[in-house]
Structure formats: C-alpha cells, structure tokens
Amino acid sequence: MDLSDIFWNSSMEELKRGYVREDEHFVCLLCGKRTEHGVVYPADGRYYDAERAMRHHIAKEHGSVFDSLLGLNKKLTGLTDHQSQLLRLFHQGKSDDEVRKELGIGSASTIRNHRFVLKEKERQAKIYLALMELLKEKDRHAPDIVHVPKTARMVDERYHMTADEAKNVLEKYFPDGRDGRLTTFAIKEKHKIVVLTELARRFESGRAYAEKEINEILRTAYEDYAVLRRYLIEYGFMDREPDGSRYWLK
1 MDLSDIFWNS
11 SMEELKRGYV
21 REDEHFVCLL
31 CGKRTEHGVV
41 YPADGRYYDA
51 ERAMRHHIAK
61 EHGSVFDSLL
71 GLNKKLTGLT
81 DHQSQLLRLF
91 HQGKSDDEVR
101 KELGIGSAST
111 IRNHRFVLKE
121 KERQAKIYLA
131 LMELLKEKDR
141 HAPDIVHVPK
151 TARMVDERYH
161 MTADEAKNVL
171 EKYFPDGRDG
181 RLTTFAIKEK
191 HKIVVLTELA
201 RRFESGRAYA
211 EKEINEILRT
221 AYEDYAVLRR
231 YLIEYGFMDR
241 EPDGSRYWLK
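Structure below.
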C-alpha cells in the first residue's frame, strides 16, 4: 500500500498523531518515513524505540501535524485561505483580539462569527462522515476510487478515476509491466496522473537524489526523461532545491 492509500485510510486518531502502525513498522503519514518495531534508533544523543523515534521524527522534521495538514491543497481540506489563516492563529493560542489585529479585521465580534462558522463545518463534517460510513454498509455498487495524492498541487477532475480505470491505463502504457518502459507520454492529462503516480514509486521516500540519479532512473522508463522529471515536479510528486542540486519525493 503506497503512502496516499495509507494516508486516506488512516483513522482520525492516526491523522492527529501523524503516523500509523503497519505490520511491524510505524509509518509517517506526512512523508512516508518508516521505523521498525524492535529496532532502537539513536537521535540527538538519545535512544528511542520505534514509536518514540517516529514521534521524534515528526516533531523534528515536520514540527506540527496541524500545520502539515493545514498546508494541504484547499481542495483536500475544504478550507478557504482565510479560514486556514484563522485556524492557524487559533492553534497558536492567540486571543480573538490578537487575531483581529493580525488580520486587520474590524471587530472581535467578526472573529467570533468566524468561530461559529468553523464550528458549524465541524458539525457538518461529523454528520457527513457518519452518513458515508452508513452508506458503505449498503452501497454494493460503489467503485474502488483511486486516492488523490496529498501532495497534489492541482486537484480537479483529472483525479477522478477508479482503480479499474487506472489498472487499464498502466497496462496500456506499460505493456511489459509496471517496472518496464513507458510506450509514450503524449497522453491525456488524466492518464498522466496515473503514469506519474506509478513512476514516483521508483523512488525511495526520505532519500535525496542528485539530478543525474533522477535522470538515470527515469531513463529506464522513457527516453525523454527531462519531461518526466518536469511533470513529477509540476504535479507535486517530487520537489527540488532551487538550483536543482537535490530532488526528493514529497
């Protein structure tokens, strides 16, 4: 199961803490880093078991699960930019008056109204989740939907695809298997998402790559590796240093 599947299948409690246990590993939901049960990990002059090492990793590398989740694409959070700003300031422990001053809002009563709206969204979300859980018990015809990568930059209908559709796309463009070569990249945007998701699996999470290494790996899939590299960055599967000296999976 890849990180997007693990992320979207995690429980509320797992999302809040930022990691899940999968078999003998703890998996960071924010970057995919794994720690293995039974292994002791040294960090900053101390030794941690696998779960504590994961907590230490999240605190050191990501700082706050709250900020990491809030930083996801607003199509995934369902929040406006303004609501995200308010939540971030509330989470920082600022008073309504401090929030008002920082955002340049006229009165504290306006902030309270925003709080009421956010509370209403919470109530609506609870009802919606309950309805969807009840629906799963009855809906025998629901297709298996491909999860949207949480690092996606442009979330739109291109990501609307069932697992069967994605399987057919991969079989069409990787006729020799998913580890084989790509026949062409001159394909529909919707199909590009599936192909790029598969290509991203050829890289290790948490590892930094030089551009030459990226090119060598992508060349095994397609001769025009530069276009694949560009699209992996553009669609949010990978990130890089401004000077192109390092690349990594997001």
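By the UniProt record's numbering, the letter at position 160 of the sequence shown is numbered 160, and the numbering carries on one by one without gaps. Where is the CB? At the ideal position from N, CA and C, for every residue including glycine.
query = From F66 to G93, what does the alpha carbon distance come to, in whole angstroms?
reply = 13 Å
F7, enclosing alpha helix (DSSP H) - first and last residue = 3-9
inquiry  = To the nearest angstrom, how far is the alpha carbon of Y19 from that of L135?
reply    = 27 Å
task = Taking only the alpha-carbon atoms, compute the straight-line gap between T110 and F116 and give it to the nearest angstrom.
result = 10 Å
query = What separation, rounded to the nearest whole angstrom, lies between the Cα atoms of V39 and K16?
reply = Using only the alpha carbons, I get a separation of about 24 Å.
task = Could you tell me which residues DSSP pairs with V26 in its beta bridges?
result = Here residue 26 is Phe; the residue named in the question, Val, does not match the sequence. In the DSSP output, where bridge partners are listed per residue, F26 has R21, T35.
ask   = What separation, rounded to the nearest whole angstrom, lies between the Cα atoms of Y47 and M54?
value = Each residue's alpha carbon lies about 12 Å from the other.
task = Just tell me which of E133, D156, L196 has its CA closest to the CA of S11.
result = Comparing Cα-Cα distances from S11 to each of E133, D156, L196, the minimum goes to E133.
inquiry  = Is the beta carbon of C31 closer than 8 Å to that of G206?
reply    = yes
key: Option nearest K121 by Cα separation, candidates K75, L79, K33   = L79
Alpha carbon of R21 to alpha carbon of L170, nearest angstrom = Those two C-alpha atoms are separated by around 29 Å.
Cβ contact (3+ pairs, closer than 8 Å) linking the segment 173-181 and the segment 146-163 = no
ask   = Whole beta strand (DSSP E) runs in the UniProt domain "DUF2087" (181-249) with 3 or more residues, listed along the chain?
value = 238-240, 247-249
key: Residue-level contact to chain D via CB, S245, 8 Å cutoff   = No chain D appears in this structure, which consists of one protein chain only.
Pairwise C-alpha distance: H114 and L3 = So the two alpha carbons sit approximately 34 Å from each other.
query = For T77, does the three-state DSSP call read helix, strand or coil?
reply = Helix at T77.
ask   = Looking only at C-alpha atoms, which of T184, H37, C28 sits nearest to D49?
value = H37
ask   = Cβ atoms of Q85 and L118: under 8 Å apart, would you say?
value = no
message = Quick check on the DSSP output: the alpha helix (DSSP H) that includes Y41 runs from which residue to which?
response = Premise fails: Y41 lies in the beta strand (DSSP E), 41-43, not in any alpha helix (DSSP H).
inquiry  = Taking DSSP's pairing of strands, which residues face Y48 in a bridge?
reply    = Y41
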